[in-house]
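Each number in our numbering comes from the position in the sequence shown (counting from 1) with 57 added on. Some notes on the structure that comes next.
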Amino acid sequence: MKRLILAAAVALAFPVSAQNAATVNGQPIPQSEIDTMMQAMSSRGMEDTAENRKLVLDQLITGEILSQEAVNQGLDKDEQTRMLIENSRKEILINSLIAQWMEDNTPSDAEIDKAYEELVADAKDAKEFNIRHILVAEEEDAKDILKQIKDKKIDFAEAAKNHSVDVGSGQQGGDLGWAEANNFVPEFAEAVLDAKVKEIVPEPVQSQFGWHIIEVLDERAVEAPSKEEATPGLKQMV
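If you want it as structure tokens, here you go:
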């Protein structure tokens with residue numbers, strides 16, 4: 058590793074041109090590569106200064122030296138390494154294709170305005186619900202647990218922790234948080250919409266996942282996001 062670091066220092070001593078910032082064992086590091094990296098870092102709050110450009114150049118030189126050493130050791134011919142390189146290549150190409158498509162199909166301000174108006178209209182009458190549930194595999198078990206809760210022999214949250222096969226929500230006392238009804242499977246959503254607030258749905262509800270004991274703790278109107286908040290998502294949808 059010391060030999061590699063020394064090579065980095067030597068690389069800086071090689072003459073450079075206006076197009077190349079440095080040369081590592083005959084391999085140029087273009088000035089344009091530093092410019093591209095600085096643009097990316099500037100978007101994340103890093104200032105474009107001579108000192109930061111020097112840091113970027115040092116990173117590129119070190120990376121080039123280590124890359125060359127990996128090739129010298131034949132690591133570029135390792136099958137797993139080649140597969141990772143190919144996967145990275147494909148991912149970069151896909152991301153470039155998506156970025157190019159979005160650039161070529163940027164919606165107009167009028168299209169964004171229209172989409173936002175539709176979003177606000179959809180949210181106008183929408184509601185979201187604070188829900189908790191207990192999920193079990195068998196109807197008989199669901200009925201038995203529901204009866205114990207109604208008879209106050211067991212607390213809902215305690216029953217969720219002890220019996221729910223939905224372990225994630227079960228450990229939170231069955232809490233599913235706030236969500237619109239259409240976020241759930243149809244049978245569950247219908248039961249939520251028909252339920253009274255602060256009451257447990259009278260009978261267990263069957264879905265593809267099993268049998269649910271459902272309680273709607275509260276409801277509220279859905280607030281539409283501000284246009285500024287919604288715009289990035291709308292640009293991808295329009």
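Glycine included, each C-beta is placed from N, C-alpha and C at the ideal position. Please read all numbers here as calculations on a predicted model, not as lab measurements.
Do you know whose CA, among the options, lies nearest residue i's CA?
{"i": "residue 258", "options": "230, 224 and 213", "result": "213"}
{"i": "residue 78", "options": "155, 209 and 110", "result": "110"}
{"i": "residue 232", "options": "251, 264 and 273", "result": "273"}
{"i": "residue 107", "options": "100, 92, 118 and 161", "result": "92"}
{"i": "residue 261", "options": "242, 202 and 217", "result": "202"}
{"i": "residue 88", "options": "115, 101, 187 and 225", "result": "115"}
{"i": "residue 265", "options": "147, 192 and 130", "result": "192"}
{"i": "residue 243", "options": "263, 102, 157 and 222", "result": "263"}
{"i": "residue 288", "options": "278, 173 and 179", "result": "173"}
Compute the beta-carbon to beta-carbon distance between residue i and residue j, rounded to the nearest angstrom, for a pair I have assumed lies under 8 Å.
{"i": "residue 121", "j": "residue 84", "result": "6 Å"}
{"i": "residue 245", "j": "residue 269", "result": "6 Å"}
{"i": "residue 186", "j": "residue 276", "result": "5 Å"}
{"i": "residue 137", "j": "residue 81", "result": "Actually they are not in contact, since the Cβ atoms of residue 137 and residue 81 sit about 26 Å apart, beyond 8 Å."}
{"i": "residue 222", "j": "residue 267", "result": "7 Å"}
Compute the Euclidean distance between the alpha carbons of residue i and residue j, then round it to the nearest angstrom.
{"i": "residue 182", "j": "residue 113", "result": "52 Å"}
{"i": "residue 140", "j": "residue 133", "result": "10 Å"}
{"i": "residue 166", "j": "residue 291", "result": "11 Å"}
{"i": "residue 215", "j": "residue 271", "result": "14 Å"}
{"i": "residue 199", "j": "residue 150", "result": "51 Å"}
{"i": "residue 197", "j": "residue 280", "result": "39 Å"}
{"i": "residue 175", "j": "residue 142", "result": "44 Å"}
{"i": "residue 104", "j": "residue 86", "result": "21 Å"}
{"i": "residue 238", "j": "residue 127", "result": "54 Å"}
{"i": "residue 177", "j": "residue 171", "result": "10 Å"}
{"i": "residue 194", "j": "residue 251", "result": "23 Å"}
{"i": "residue 248", "j": "residue 188", "result": "11 Å"}
{"i": "residue 283", "j": "residue 163", "result": "20 Å"}
{"i": "residue 155", "j": "residue 131", "result": "34 Å"}
{"i": "residue 211", "j": "residue 204", "result": "9 Å"}
For residue i, which beta-bridge partners are listed by DSSP?
{"i": "residue 87", "result": "77"}
{"i": "residue 263", "result": "268"}
{"i": "residue 236", "result": "186"}
Helix, strand or coil, according to DSSP, for residue i in the structure here?
{"i": "residue 46", "result": "No answer is possible for residue 46: it lies beyond the span of the chain, which begins at 58 and ends at 295."}
{"i": "residue 92", "result": "helix"}
{"i": "residue 276", "result": "strand"}
{"i": "residue 10", "result": "Nothing can be reported for residue 10: it is not among the residues displayed for the chain, which extend from 58 to 295."}
{"i": "residue 229", "result": "coil"}
{"i": "residue 104", "result": "coil"}
{"i": "residue 290", "result": "helix"}
{"i": "residue 242", "result": "coil"}
{"i": "residue 168", "result": "helix"}
{"i": "residue 249", "result": "helix"}
{"i": "residue 163", "result": "coil"}
{"i": "residue 82", "result": "coil"}
{"i": "residue 194", "result": "coil"}
{"i": "residue 122", "result": "helix"}
{"i": "residue 151", "result": "helix"}
{"i": "residue 177", "result": "helix"}
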